[in-house]
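Colleague: The structure follows.
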Amino acid sequence: MQQFITILNGLMGLLLLYCLVSIPVQFIRRLRRRRAGLVVSPMSLVAKKFVKNWAVAMVIVIPLAVWLTLSASRAAGLMGVDLYAAIITGAVLGNLGTSMLVGYAFMQMNKARWSHSRLASAKEENNG
Numbered sequence: 112m113q114q115f116i117t118i119l120n121g122l123m124g125l126l127l128l129y130c131l132v133s134i135p136v137q138f139i140r141r142l143r144r145r146r147a148g149l150v151v152s153p154m155s156l157v158a159k160k161f162v163k164n165w166a167v168a169m170v171i172v173i174p175l176a177v178w179l180t181l182s183a184s185r186a187a188g189l190m191g192v193d194l195y196a197a198i199i200t201g202a203v204l205g206n207l208g209t210s211m212l213v214g215y216a217f218m219q220m221n222k223a224r225w226s227h228s229r230l231a232s233a234k235e236e237n238n239g
């Protein structure tokens, strides 16, 4: 169990590095496309997709974190209020940011399906 948690922590660290690089690059790319007069996705669509993917990630990440925290806490001998506090603070509140990062990664993975700029470039390639 401890090795699985270590692997998950390593993957989340890599995901954090990806997000730290990708988010500023996306904003710069968006500004450059807008200044060049090219098609960009409306910010409301980007926000809507982010919130949707964040919710999907929360449905996946938080129950997994609760299960891992519960099993690790029981193995350590925690019971009652200590177990409840560990689950609420460590698993639920502690993974809101993690689920946000995973939601951003989901959004980027599916960008070809909803991004106006990507759809417009695909349409131009098909026509020309």
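Read in order, the letters of the sequence shown are residues 112 to 239 in the numbering used here. Quick reminder that beta carbons are idealized off the backbone N, C-alpha and C, glycines included. Quick caveat: nothing in here was measured; it's all calculated off a predicted structure.
1) Determine the direct distance from the alpha carbon of A223 to that of S133, and round the result to whole angstroms.
2) For S80 versus A168, is the C-beta distance shorter than 7 Å?
3) Looking only at its chain, what residues have a beta carbon closer than 6 Å to the beta carbon of Y215, apart from the 5 residues adjacent to it on each side?
4) Could you check where the alpha helix (DSSP H) with S226 kicks off and where it finishes?
5) DSSP three-state label for P153, please.
6) State yes or no: is the C-beta of N164 within less than 7 Å of the C-beta of M123?
7) Roughly how many angstroms lie between the CA atoms of S226 and I173, to the nearest whole one?
Modeller: Working from what's here:
1) 16 Å
2) There is simply no residue 80 to check, as the chain begins at 112 and stops at 239 in what is shown.
3) C130
4) Neither: S226 is in no alpha helix (DSSP H) and is coded neither H nor E.
5) coil
6) no
7) 28 Å
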